[in-house]
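Asks:
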Amino acid sequence: MRNKVTMTVDGLEISVPAGTTVLDACLDNGIYIPNLCHLDGMEHPPASCRLCLVEVDGMRGPVTSCTLAAVDGMVVHTNTDEVRELQKLAFRMLVSCNQGNCRVCMANKRCDLQQIAKFLHLPLRTKQMRHIPKDVPEVLTDHPCIVYEPNKCVLCGRCVYVCERRGNPFSLSFANRGFNTIVTFFGSEAEGVEDACRDCRACVDICPVGALSFADERERHLRLVEAGKGRRKAG
Ligand code: SF4
Ligand code: SF4
Ligand code: FES
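And the structure:
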């Protein structure tokens, strides 16, 4: 049985272990494809962000590379005009509820949205793009030590996935529907949750946009931002 497949991506021949997704094959070989809802090793990627589209010779229309297994002889195109237009459309949808206030955000300079915006040559906010906030509080503080900011959340599901894999008696999950979908913590009032989550940090660390943070770390960060602003004014 062959354990390697060889494929061509944007004219470049690459070999990857059989069973690798096209997205992982590209990322592992230095070919960047925007992605948000995929994590290495996910058995069933939700394919919800629609950013990782590629075209494959012999397939009709663009397909999500995170759900597509690399096959020997496959010819993939990651940068056609159609792919880029669809990625830009998906990106604009994702940021339509985003506050775009990067300066005060804890994820500033390490946020995946900033990276994708730069890659697609798109601004995070434009005057033409309407900001549509979700009909939910700006900050949710149901968890004893983690805060959630729904208007930053791109609903990628990474936090839900990593929390599920921790196998704790409480869990992260999605609530509400459609545009007002948010992440919620179930069972977070149980004893020991604060200590367990402080030890774990998985959801906070995996969130690509800083929508989840520890309340004390966030407060400290905001105080530092304010202090910096004060210093700039005084100078
Ligand atoms: S810190 Fe870990 S256990 Fe706690 S909610 Fe996040 S992923 Fe789940
Ligand atoms: S909170 Fe972060 S990790 Fe969780 S769904 Fe929202 S953006 Fe993704
Ligand atoms: S990474 Fe493939 S659809 Fe989100």
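300 is the number that our numbering gives to position 202 of the sequence shown; each next residue is one higher, with no gaps.
Ideal Cβ placement from N, Cα and C applies to all residues, glycine included.
Bear in mind the structure is a predicted one, so any value in this text is a computation, not a measurement.
(1) Evaluate G159 with the Cβ neighbour count: other Cβ atoms within 10 Å of its Cβ, from every protein chain shown; 16 or more gives buried, anything less gives exposed.
(2) S163 and L134 - do their beta-carbons sit closer together than 8 Å?
(3) Please confirm whether any heavy atom of ligand 3 lies closer than 7 Å to the CB of H142.
(4) Which same chain residues end up closer than 7 Å to V260 when comparing Cβ atoms and leaving out the 5 residues on each side of it in sequence?
(5) By Cβ distance below 7 Å, which residues in the same chain neighbour F312 in space, the five residues on each side in sequence not counted?
(6) With a threshold of 7 Å (Cβ to nearest heavy atom), would Y246 be considered close to ligand 2?
(7) Is P132 buried or exposed, if buried means 16 or more other CB atoms sit within 10 Å of its CB?
(8) Relative to the C-alpha of K216, which residue among N249, G308, F189 and S269 is closest?
(9) Is the beta carbon of T118 closer than 8 Å to that of A168?
(10) Is any heavy atom in ligand 3 found nearer than 7 Å to the beta carbon of C124?
(11) Closest to L125 by CA distance: which of R148, V103 and T176 is it?
(12) Measuring alpha carbon to alpha carbon, tell me which of E324, A273 and C295 ends up nearest R264.
(13) Closest to I230 by C-alpha separation, out of E262, R201 and L192, would be which residue?
(14) Measuring only the C-alpha atoms, how far is S194 from D210?
(15) Which ranges would you report for the alpha helix (DSSP H) in the stretch 165-198 if only whole runs of at least 4 residues count?
(16) Take N266 as the anchor and find which of K250, R256, S286 and R275 has the nearest alpha-carbon.
(17) Taking the alpha carbon of E324 as the point to measure from, which residue in E292, P248, C298 and R201 has its own alpha carbon closest?
(18) Please go through the same chain and pick out, in chain order, the residues whose beta-carbon is closer than 7 Å to the beta-carbon of D155, but skip the five residues on each side of it.
(19) Is Y246 buried or exposed, if buried means 16 or more other CB atoms sit within 10 Å of its CB?
(20) So for E315, helix, strand or coil by DSSP?
Replies: Put simply:
(1) exposed
(2) no
(3) no
(4) A300, C301 and I304
(5) C243, I244 and V302
(6) Answer for Y246: yes, Cβ within range of ligand 2.
(7) buried
(8) F189
(9) yes
(10) no
(11) T176
(12) Closest by alpha carbon: C295.
(13) L192
(14) 15 Å
(15) 179-193
(16) S286
(17) Nearest option by C-alpha distance: R201.
(18) V173
(19) buried
(20) helix
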